[in-house]
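Residue numbers (the working numbering): 3 to 226.
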């Protein structure tokens, strides 16, 4: 019997696309931080980062932890390589989306989520126009930074979806890279992603975002 991908990948990807945001920080005024974010985005073509992830189901009181490496490129191209709790690959060339779960010997395939093409979802393009897509404030206007001294932004989509109703970002003031992102869905479930070893514009080849199902793997439609 075919099973759905381990991490609920279709919905998770739609959330996770917004998670690696390399904005400008350091300035304490909101307009300066947002302007820096938009300016920085205009210079980014691709990036690579290691990540750890905690998906929290509020109603069940359950946390699911994961880690791996992510590769992203303009045009909706992405590759999420999950190493734990079980290996899994989520790959898109901007048109098609594949989710490969080795332990099931199964590939789920579908059209790339609509969010990839929209300015709010395709973070490499969309957050160059963050004011158009989000209402932005500091998470705590009375204390604009967290315990590590990082400005924390609170973004509310002007056109929210069930999978994304809010986004909080902790920005490293030294190199303008988000070190942590917390994404909220309509039920206040969260995905918290922490990023390390972020490389901006490493020159990723398009072949990294192509996927050929392994021989013998079952290929089934990816349910939205």
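Just so it is clear, CB atoms sit at the ideal spot from N, CA and C, and this is done for glycine as well.
Please determine if the stretch 205–225 and the stretch 87–106 are in contact, where contact requires at least 3 C-beta pairs separated by less than 8 Å. Enough Cβ pairs lie closer than 8 Å, so yes.
Would you tell me roughly how many angstroms separate the C-alpha atoms of residue 144 and residue 154, rounded to the nearest one? Residue mapping note: residue 144 aligns to position 142 of the chain shown, counting from 1. Residue mapping note: residue 154 aligns to position 152 of the chain shown, counting from 1. Roughly 12 Å separates the two Cα atoms.
Identify, in the order they occur along the chain, each residue of the same chain with its Cβ nearer than 7 Å to the Cβ of residue 86, setting aside the five sequence neighbours on each side. As a first step, residue 86 is located in the chain shown; it is residue number 84 there, counting from the start. Here the set comprises 68 and 69.
By the three-class DSSP mapping on this structure, what secondary structure does residue 225 have? Against the chain shown, residue 225 aligns to sequence position 223. Residue state, collapsed to three classes: coil.
Return the chain-ordered list of same chain residues with a C-beta closer than 7 Å to the C-beta of residue 28, the five sequence neighbours on each side being excluded. Position 26 of the chain shown, counted from the start, is the residue given in the question as residue 28. A caution first: residue 28 carries a pLDDT of 37, below 50, which makes its placement in the model unreliable, though a value can still be read off. Residues 175 of the same chain have their beta carbon placed closer than 7 Å to that of residue 28, with the five preceding and five following residues left out of the count.
Buried or exposed for residue 94, going by 16 or more other Cβ atoms inside 10 Å? Working through the chain shown from its first residue, we reach residue 94 at position 92. Classification for residue 94: buried.
Span separating the alpha-carbon of residue 84 from that of residue 142: Numbered from its first residue, the chain shown carries residue 84 at position 82. Numbered from its first residue, the chain shown carries residue 142 at position 140. Answer to the nearest angstrom: the Cα atoms are 33 Å apart.
Which of the three DSSP states is assigned to residue 166 in this structure? One-based indexing of the chain shown puts residue 166 at position 164. Residue 166: strand per DSSP, three-state reduction.
So, is the C-beta of residue 39 closer than 8 Å to a C-beta in chain B? The chain inventory of the structure shown lacks chain B, comprising one protein chain alone.
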